[in-house]
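Okay, so here's the structure we're looking at.
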Amino acid sequence: MWFTNPVARPRTITDERVLAAVAAVIDRRGPEFTIADVAAEAGVSVGAVAKRFGSKSGLLQALTRAGTEEVVRRTRAAGSVREALLTWFDRLADPVVATNNLAQLGVDLIDPELRALLARHYAVLEEELEALCAREGLPAGAARVLAALVYGISMDWSVRPRGDLLTRTAEDVDMVLKGMR
């Protein structure tokens, strides 16, 4: 037939570009973001985003998976436990961004699929950190304690931002590492 094109049109917008748009929109709007917001940020149609990811939950699931891969990559690239921990939340150094992401986390915890992905995210990060801790001769369980410390710092700072997040994280991590060593 004259209107049938047997060659599929190549994808010009990558998943990474759409997921970067999701992160940027969450940074600005928190859980109130829409697929239309993401499409506008990515410079694509709403239909293209919906077709590729299915729903807002689908976008968030893909973002969580990609986030896990990114933090694992950064943790492995770090030269030490301290350096790894300082990369986990470095993009949340603005109080508004931190608050919007914390609000999104609260909504994510309600969705069973997102909650399971988050549980996996935290388990994977702790496993990666445990390997670094073992390499540095830190005691068993150090990864769990240090991960909880950094999660707590980021949450506390997003609610009560005092000073710089990275400075606060570095000071607290250094204090705990000193005690462990």
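In our numbering, each number is its position in the sequence shown, counted from 1, plus 233. C-beta: ideal position from N, C-alpha, C; glycine also.
Mind checking residue i: buried by the 16 CB within 10 Å criterion, or exposed?
i, result
"Thr402", "buried"
"Gly263", "buried"
"Thr301", "buried"
"Glu361", "buried"
"Asp341", "buried"
"Ser288", "exposed"
"Glu249", "exposed"
"Arg242", "For Arg242, the pLDDT reaches just 45, beneath the cut-off of 50, and the residue's location in the model is therefore unreliable, leaving the point undetermined."
"Val406", "buried"
"Asn238", "With a pLDDT of only 45 at Asn238, under 50, the local geometry of the prediction cannot be trusted, and the value read off the model is given with reservation. The residue in question, Asn238, is exposed, as its Cβ has fewer than 16 Cβ neighbours within 10 Å."
"Glu363", "buried"
"Val329", "exposed"
"Val258", "buried"
"Ala331", "buried"
"Gly396", "exposed"
"Ala376", "buried"
"Trp235", "The predicted model places Trp235 with a pLDDT of 48, which falls under 50 and marks its position as unreliable, so this point remains unresolved."
I'd like to know whether the C-beta atoms of residue i and residue j end up nearer to each other than 8 Å.
i, j, result
"Leu347", "Leu293", "yes"
"Ala281", "Ala273", "no"
"Val279", "Ile268", "yes"
"Asn333", "Asp270", "no"
"Leu382", "Trp390", "no"
"Ala256", "Ala275", "no"
"Leu350", "Arg298", "yes"
"Leu365", "Ala317", "yes"
"Met388", "Leu335", "yes"
"Leu358", "Ala380", "yes"
"Arg315", "Leu410", "yes"
Can we say the region 314-330 touches the region 397-413, given the rule of at least three CB pairs closer than 8 Å?
yes
Could you tell me which whole alpha helix (DSSP H) segments of length 4 or greater appear in the region 319-364?
Within the region 319-364, the complete alpha helix (DSSP H) runs of at least 4 residues are 328-341.
Cβ contact (3+ pairs, closer than 8 Å) linking the region 288-308 and the region 340-356:
Yes: the two stretches touch, three or more of their Cβ pairs being nearer than 8 Å.
Would the region 295-312 count as touching the region 367-376 if we require 3 or more Cβ pairs under 8 Å?
The region 295-312 vs the region 367-376: no contact.
Quick one: complete alpha helix (DSSP H) runs, 4+ long, within the region 237-308?
248-262, 268-275 and 279-286
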